[in-house]
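Trainee: Got a structure for you, questions after.
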Amino acid sequence: MNKLYLTGIVTLFAAIAVVFAFFPRSTFSELEKRELATFPPFTADSLASGEFTAAVSSWFSDSEPYRDRLMSVSMAFKRWIAVSAGDDGITFHAADGDLPVAAEAVDTVDVLAEANRDIKEYTNRLTADEKAKIAHNGILVIGGEGHARALMAYGGSADGGVPFANAVNRYSRELGGKVRVYCMVIPTAIEFYCPEEAKSRIRSQRATINNIFAHLDSTVTAVDVYTILGEHAGEDIYLRTDHHWAPLGAYYAARKFAAVAGVPFRGLDAYDRHVIHGFVGTMYGYSRDIAVKNSPEDFVYYVPNAVEYTTSHINYSLDKQLNITGESHPFKGEYFMKFKDGSGAAYCTFMGSDAKIVKVETSTANGRRVLVMKDSFGNAIPSNLFYSFEQVHVIDYRYFNKNVKKYVTDNGITDVLFANNTFVAFNPATASAYLSFLKQ
Numbered sequence: 014m015n016k017l018y019l020t021g022i023v024t025l026f027a028a029i030a031v032v033f034a035f036f037p038r039s040t041f042s043e044l045e046k047r048e049l050a051t052f053p054p055f056t057a058d059s060l061a062s063g064e065f066t067a068a069v070s071s072w073f074s075d076s077e078p079y080r081d082r083l084m085s086v087s088m089a090f091k092r093w094i095a096v097s098a099g100d101d102g103i104t105f106h107a108a109d110g111d112l113p114v115a116a117e118a119v120d121t122v123d124v125l126a127e128a129n130r131d132i133k134e135y136t137n138r139l140t141a142d143e144k145a146k147i148a149h150n151g152i153l154v155i156g157g158e159g160h161a162r163a164l165m166a167y168g169g170s171a172d173g174g175v176p177f178a179n180a181v182n183r184y185s186r187e188l189g190g191k192v193r194v195y196c197m198v199i200p201t202a203i204e205f206y207c208p209e210e211a212k213s214r215i216r217s218q219r220a221t222i223n224n225i226f227a228h229l230d231s232t233v234t235a236v237d238v239y240t241i242l243g244e245h246a247g248e249d250i251y252l253r254t255d256h257h258w259a260p261l262g263a264y265y266a267a268r269k270f271a272a273v274a275g276v277p278f279r280g281l282d283a284y285d286r287h288v289i290h291g292f293v294g295t296m297y298g299y300s301r302d303i304a305v306k307n308s309p310e311d312f313v314y315y316v317p318n319a320v321e322y323t324t325s326h327i328n329y330s331l332d333k334q335l336n337i338t339g340e341s342h343p344f345k346g347e348y349f350m351k352f353k354d355g356s357g358a359a360y361c362t363f364m365g366s367d368a369k370i371v372k373v374e375t376s377t378a379n380g381r382r383v384l385v386m387k388d389s390f391g392n393a394i395p396s397n398l399f400y401s402f403e404q405v406h407v408i409d410y411r412y413f414n415k416n417v418k419k420y421v422t423d424n425g426i427t428d429v430l431f432a433n434n435t436f437v438a439f440n441p442a443t444a445s446a447y448l449s450f451l452k453q
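Just so you know, the sequence shown maps onto residues 14 to 453 in my numbering.
Shown next as structure tokens:
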């Protein structure tokens, strides 16, 4: 018996060694949504310093054959050994640690009453009674396989976001009153779908958004999309398996912005509905929870069909630290990229990536030209504005190497919309990036 057991162990390790040594290496992880490490170039200096051997080791472990399949097996095993946390129904995975308990939100009602920008609280009647578990990276997973929803916990304070508000105010002052400036802060899915049993472990995005709005100058127009998203939370306005919202959520947000800006807007009957089936987004990789992988969803997006438009791109080249190293000449291209069913990159349908400047010229001849300054949540907004503005310009807060005041003047921009999710707006680095655009 011992001999048979030993033979089995030796055979197993030999098979693993053969797979790792001779089978094709993985080059891209669909689960992690990234390119995997490549074999490093050899130099005598890198060998002498130890960098070469360290890079080889990293390549060997990062590009293992069947990487995604092995990770999926690991996730399934982790779910099997998960342990209960007690009567509250929240489950903790054995190897993943806990999510910090959020501090109580600071009350900002008095300040908001003066600013008249107080967003009312949302009451969750959809998933309030769901059971929850906390997976890898503190991701909250609710629902069972086939309909699981992964939620990223928010930890920002109620008094945060002031640098962001100040940066938006600075734009309003620097642009000299000739350009309308709007501030849209987009809540993420956990604000609407967090079960009651897990509420003590997150903080309120509404409180942060209210604080940002309270610190905006009177010359800046706040765009409350929190309320309209709450009104439509029973629809597919957020993706279950991705950290982004769904295109339908962006549509409702754009509708609110158009109303505030006083521009035309068209209903969904003026769009063609497209579906990418079998979509599983970034939250599978973040959570490492097999239930998320086994809950594919439809990625539904809408293409305007009653307006003419042409799209031009300037693409940025980036180094490994994501610094801009060069840029392309402007070129005509598509706004909507095509992805096959099952593609985890479906959210890149809009413009293809973030590291670029996009300009869309439409047949809406009303003299209004909008510049959307955004993070990746903002990618899904501009196509809903083709009926509203004669030009739609899009830049990302992480990638822009020009002077924004000159860009606004050169392109005759009439409206500037800051469209950022709460996580990004809370981060002081975002404000610093936006302020740098005014000086560079």
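Ideal Cβ placement from N, Cα and C applies to all residues, glycine included.
Can you give me the start and stop residues for the alpha helix (DSSP H) that Ser185 sits inside?
Mentor: Along the sequence shown, read from residue 1 onward, the residue named residue 185 stands at position 172. That run of the alpha helix (DSSP H) goes Val175 to Glu187.
Trainee: Among Gln404, Ala274 and Gly339, which has the Cα closest to the Cα of Lys372?
Mentor: Translated into positions along the sequence shown, residue 372 becomes position 359. The shortest Cα separation from Lys372 among Gln404, Ala274 and Gly339 belongs to Gln404.
Trainee: Distance, Cα to Cα, Lys419 vs Ala393?
Mentor: For the purposes of this step, residue 419 is taken as residue 406 along the sequence shown, with counting starting at 1. For the purposes of this step, residue 393 is taken as residue 380 along the sequence shown, with counting starting at 1. Spanning the two alpha carbons is a distance of roughly 26 Å.
Trainee: Just tell me which of Tyr447, Asp388 and Thr324 has its CA closest to the CA of Pro200.
Mentor: As a working note, residue 200 is residue 187 in the sequence shown. Considering only alpha carbons, the answer is Asp388.
Trainee: Could you pull the start and end residues of the alpha helix (DSSP H) that Ala263 belongs to?
Mentor: Within the sequence shown, the letter at position 250 stands for residue 263. Where Ala263 is concerned, the enclosing alpha helix (DSSP H) stretches over Pro260 to Ala274.
Trainee: Select from Pro343, Thr232, Ile132 and Ala432 the residue whose C-alpha is nearest the C-alpha of Val385.
Mentor: Here residue 385 is taken as the residue at index 372 of the sequence shown, counted from 1. Closest by alpha carbon: Ala432.
Trainee: Using the three-state DSSP reduction, which class does Gly346 fall into: helix, strand or coil?
Mentor: Indexing the sequence shown from 1 puts residue 346 at position 333. Correct three-state label for Gly346: strand.
Trainee: Classify Gln218: buried if its beta carbon has 16 or more other beta carbons within 10 angstroms, exposed otherwise.
Mentor: The count along the sequence shown starts at 1 and reaches residue 218 at position 205. So Gln218 ends up on the buried side.
Trainee: Please return the same chain residues whose Cβ sits closer than 8 Å to the Cβ of Met350, not counting the five positions on each side in sequence.
Mentor: Taking the sequence shown and counting its residues from 1, the one referred to as residue 350 is at position 337. Cys361, Thr362, Phe363, Met364 and Gly365, listed in sequence order.
Trainee: Starting from Tyr420 and walking both ways along the alpha helix (DSSP H), at which residues does that stretch end?
Mentor: The residue you call residue 420 lines up with position 407 of the sequence shown. Tyr420 -> alpha helix (DSSP H) spans Val417 to Asp423.
Trainee: Identify which residue in Ala266, Phe226, Gly294 and Thr140 has its Cα closest to the Cα of Pro176.
Mentor: Reading the sequence shown from its first residue, position 163 is the one you call residue 176. Answer by Cα proximity: Phe226.
Trainee: Leaving out the 5 sequence neighbours to the left and right, which residues in its chain are closer than 7 Å to Pro317 when beta-carbon positions are compared?
Mentor: Within the sequence shown, residue 317 is the residue found at index 304, counting from 1. Taken in chain order, the residues that qualify are Ala283, Tyr284, Ser396, Phe399 and Tyr400.
Trainee: Locate the alpha helix (DSSP H) running through Ser366, then write down its first and last residues.
Mentor: The residue you call residue 366 lines up with position 353 of the sequence shown. Per DSSP, Ser366 belongs to no alpha helix (DSSP H) and is neither H nor E.
Trainee: Using only the alpha-carbon positions, how far apart do Arg381 and Glu340 sit?
Mentor: In the sequence shown, residue 381 corresponds to position 368, counting from 1. In the sequence shown, residue 340 corresponds to position 327, counting from 1. Roughly 27 Å between the two C-alpha positions.
Trainee: State the CB to CB distance for the pair Leu229 and Ala202, rounded to an integer number of angstroms; the pair is presumed to be in contact (CB under 8 Å).
Mentor: For the purposes of this step, residue 229 is identified with residue 216 of the sequence shown, where counting begins at 1. For the purposes of this step, residue 202 is identified with residue 189 of the sequence shown, where counting begins at 1. That belief does not hold up - the Cβ atoms of Leu229 and Ala202 are roughly 25 Å apart, past 8 Å.
Trainee: Under the rule that 16 or more other beta-carbon atoms within 10 Å means buried, what is Val383, buried or exposed?
Mentor: In the sequence shown, residue 383 corresponds to position 370, counting from 1. The residue in question, Val383, is buried, as its Cβ has 16 or more Cβ neighbours within 10 Å.
Trainee: Is the CB-CB distance between Val305 and Tyr239 below 9 Å?
Mentor: One-based indexing of the sequence shown puts residue 305 at position 292. One-based indexing of the sequence shown puts residue 239 at position 226. Against a cut-off of 9 Å, the Cβ pair of Tyr239 and Val305 comes out as no contact.
Trainee: Taking the runs of the alpha helix (DSSP H) that are 4 residues or longer, which of them lie wholly in the stretch 371–447?
Mentor: Runs found: 417–423 and 435–439.
Trainee: Verify whether the separation of the beta carbon atoms of Thr375 and Gly346 is less than 9 Å.
Mentor: Counted from its first residue, the sequence shown places residue 375 at position 362. Counted from its first residue, the sequence shown places residue 346 at position 333. Not closer than 9 Å, so no.
Trainee: Does the stretch 168–183 come close enough to the stretch 204–222 to have 3 or more Cβ pairs within less than 8 Å?
Mentor: Yes: at least three Cβ pairs fall under 8 Å.
Trainee: Around the Cβ of Ala141, are there at least 16 other Cβ atoms within 10 angstroms (buried) or fewer (exposed)?
Mentor: The residue labelled residue 141 in the question sits at position 128 within the sequence shown. Ala141 should be labelled exposed.
Trainee: Helix, strand or coil for Asn307, going by three-state DSSP, please let me know.
Mentor: Locating residue 307 in the sequence shown gives position 294, counting from the first residue. The answer is coil: DSSP assigns Asn307 none of H, G, I, E or B.
Trainee: Please work out which residues of its chain come closer than 6 Å, Cβ to Cβ, to Asn440, disregarding the five sequence neighbours upstream and downstream, and give them in chain order.
Mentor: The count along the sequence shown starts at 1 and reaches residue 440 at position 427. Excluding positions up to five away in sequence, the list is empty.
Trainee: In its own chain, which residues sit with a C-beta less than 7 Å from the C-beta of Tyr297, not counting the 5 before and 5 after it?
Mentor: Indexing the sequence shown from 1 puts residue 297 at position 284. Excluding residues within five positions, the ones whose Cβ falls inside 7 Å are Leu44, Thr254, Val305 and Lys306.
Trainee: What is the DSSP secondary structure of Met165, reduced to helix, strand or coil?
Mentor: Translated into the one-based positions of the sequence shown, residue 165 becomes position 152. Coil, per DSSP.
Trainee: Residues in the same chain with beta-carbon distance under 8 Å from Arg186, minus the five sequence neighbours each way, listed in chain order, please.
Mentor: Taking the sequence shown and counting its residues from 1, one reaches residue 186 at position 173. These residues qualify, in order along the chain: Asp230 and Thr232.
Trainee: Measuring CB to CB, does Leu139 end up less than 9 Å from Tyr206?
Mentor: Residue mapping note: residue 139 aligns to position 126 of the sequence shown, counting from 1. Residue mapping note: residue 206 aligns to position 193 of the sequence shown, counting from 1. Closer than 9 Å, so yes.
Trainee: Ser325 lies in the alpha helix (DSSP H); which residues open and close that run?
Mentor: Reading the sequence shown from its first residue, position 312 is the one you call residue 325. Here Ser325 belongs to no alpha helix (DSSP H); instead the beta strand (DSSP E) covers Tyr322 to Leu331.
Trainee: Going by CA-CA distance only, name the one from Gly280, Phe278, Asp311 and Ala274 that's closest to His290.
Mentor: What you label residue 290 is simply residue 277 of the sequence shown in a count that begins at 1. Residue Asp311 is the option with its Cα nearest to His290.
Trainee: Using a threshold of 9 Å, state whether the C-beta atoms of Asp409 and Lys452 are closer than that.
Mentor: The sequence position of residue 409 within the sequence shown is 396, counting from 1. The sequence position of residue 452 within the sequence shown is 439, counting from 1. Not closer than 9 Å, so no.
Trainee: Could you name the residues of the same chain whose beta carbon sits closer than 6 Å to that of Ala319, not counting the 5 residues immediately before and after it, in chain order?
Mentor: In the sequence shown, the residue the question calls residue 319 occupies position 306. Taken in chain order, the residues that qualify are Ala283.
Trainee: Could you give the C-beta distance for Tyr329 and Pro260, rounded to a whole number, given that I count them as a contact under 8 Å?
Mentor: For the purposes of this step, residue 329 is taken as residue 316 along the sequence shown, with counting starting at 1. For the purposes of this step, residue 260 is taken as residue 247 along the sequence shown, with counting starting at 1. Contact doesn't hold; Cβ gap of about 25 Å is too wide.
Trainee: Give the range of the alpha helix (DSSP H) segment to which Phe226 is assigned.
Mentor: Residue 226 sits at position 213 when you count from the first residue of the sequence shown. Run containing Phe226: Gln218 to Ala227, per the alpha helix (DSSP H) assignment.
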